[in-house]
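Below is one structure; the comments refer to it alone.
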Amino acid sequence: MTQDELKALVAQAAIEHVVPGALVGVGTGSTVNHFIDALAKIKDRIAGAVSSSVQSTERLRRHGIPVVEAAALDRPLPVYVDGADEIDHHGYMIKGGGAALTREKIVADLAERFVCIADESKLVDTLGRFPLPVEVIPMAAPQIARRFEAMGATATLRLGVTTDNGQPILDVRGLKITDPLAMETEINQWPGVVTVGIFARHKASLCLLGTAEGVRTLR
Ligand code: 5RP
């Protein structure tokens with residue numbers, strides 16, 4: 419199976435985790451695009467979606483799925499479905515390859531469960547091979563980059579990209595993230611960091627991993 423077929427497989431499997439009659443949180447990316455397409459087939463059985471990006475909102479609306487603003491919620495979402503750039507065996511993730519990390523973390527925070535959908539290439543023993551995305555306030559970018567350099571890493575601005583919130587992204591190479599919770603906590607408090615793409619506090623409740631043998635569930 420191709421990587422795209424594996425993504426479609428896990429996206430379809432995630433439909434079983436959608437709660438009938440409720441809103442579902444929807445992430446961003448090529449795997450999630452497959453999930454949105456699968457969701458369209460059961461759209462009459464859900465109340466609608468809460469989206470983590472302009473891109474996903476547009477795709478949901480094209481399918482006729484109602485999109486509800488995150489700020490309008492008065493109760494938790496039962497489930498949030500999203501992809502990952504890397505996931506380890508504890509459910510800790512790197513996200514933000516599609517620059518949607520801030521809104522993804524906000525919607526994940528509104529949900530009771532995070533169902534990660536990913537092809538098997540995303541599973542790692544230790545996070546950090548994928549460049550860590552960090553959304554930043556522009557005036558702080560050089561100082562934040564220097565902080566990463568002091569940790570032995572290299573931070574570069576993602577050229578030509580601003581997030582849905584109008585901010586740039588730093589991509590950080592050379593980090594070995596052995597303690598994702600501690601590193602997320604540390605980086606989050608640097609002035610000018612909007613969101614770091616380590617999802618440790620908001621780790622996956624379970625991961626549906628697409629493999630050549632079928633869907634493997636990691637808990
Ligand atoms: C977007 C994300 C995506 O979930 C991540 O980049 C995975 O994307 P894809 O499903 O296209 O491999 O974090 O900000």
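Position in the sequence shown counted from 1, then plus 418, gives you our numbering.
Don't be surprised by glycine CBs; every beta carbon is placed ideally from N, CA and C.
Less than 6 Å between C-beta atoms, sequence neighbours within five positions excluded: which residues of the same chain meet that for residue 574? Stepping through the sequence shown from its first residue, residue 574 is reached at position 156. Excluding residues up to 5 positions away in sequence, 589 lie with their Cβ nearer than 6 Å to the Cβ of residue 574 in the same chain.
Does the distance between the C-beta of residue 449 and the nearest non-hydrogen atom of the ligand 5RP fall short of 7 Å? Locating residue 449 in the sequence shown gives position 31, counting from the first residue. Checking the Cβ of residue 449 against the ligand 5RP gives yes.
What residue does the beta strand (DSSP E) around residue 455 start on, and which one ends it? Against the sequence shown, residue 455 aligns to sequence position 37. Boundaries for residue 455: no beta strand (DSSP E) harbours it, while the alpha helix (DSSP H) harbouring it runs 448 to 458, taken from the DSSP string.
DSSP three-state assignment for residue 548, whether helix, strand or coil: Indexing the sequence shown from 1 puts residue 548 at position 130. The answer is coil: DSSP assigns residue 548 none of H, G, I, E or B.
Nearer than 7 Å: is that true of the beta carbon of residue 446 relative to any heavy atom of the ligand 5RP? Position 28 of the sequence shown, counting from 1, holds the residue named residue 446. Within the cutoff, so yes.
One question on the structure: do residue 441 and residue 499 come within less than 8 Å of each other, judged by their Cβ atoms? In the sequence shown, counting from the first residue as 1, residue 441 sits at position 23. In the sequence shown, counting from the first residue as 1, residue 499 sits at position 81. Not a contact, by the Cβ cut-off of 8 Å.
Could you give the distance in angstroms between the alpha-carbon of residue 533 and the alpha-carbon of residue 581? Counting from one through the sequence shown, the residue named residue 533 turns up at place 115. Counting from one through the sequence shown, the residue named residue 581 turns up at place 163. Looking at the two C-alpha atoms, the distance is approximately 23 Å.
CB-CB under 7 Å to residue 524, same chain, minus the five flanking residues each way: which ones, in chain order? Along the sequence shown, one-based indexing puts residue 524 at 106. Only 488 meet the Cβ criterion.
Burial state of residue 626 (16 or more Cβ within 10 Å): If you number the sequence shown from 1, residue 626 lands on position 208. Under this definition residue 626 is a buried residue.
Do you know offhand how far residue 694's Cα is from residue 483's? There is no way to answer for residue 694, as the model of the chain reaches only from 419 to 637.
Any idea what DSSP makes of residue 420, helix, strand or coil? Translated into positions along the sequence shown, residue 420 becomes position 2. In this structure, residue 420 counts as coil in the three-state DSSP scheme.
Within the same chain, show all residues whose beta-carbon is closer than 8 Å to that of residue 635, passing over the 5 residues directly before and after it, in chain order. The residue given as residue 635 occupies position 217 in the sequence shown. Closer than 8 Å at the Cβ level, and outside the excluded window around residue 635, lie 624, 625, 626 and 627.
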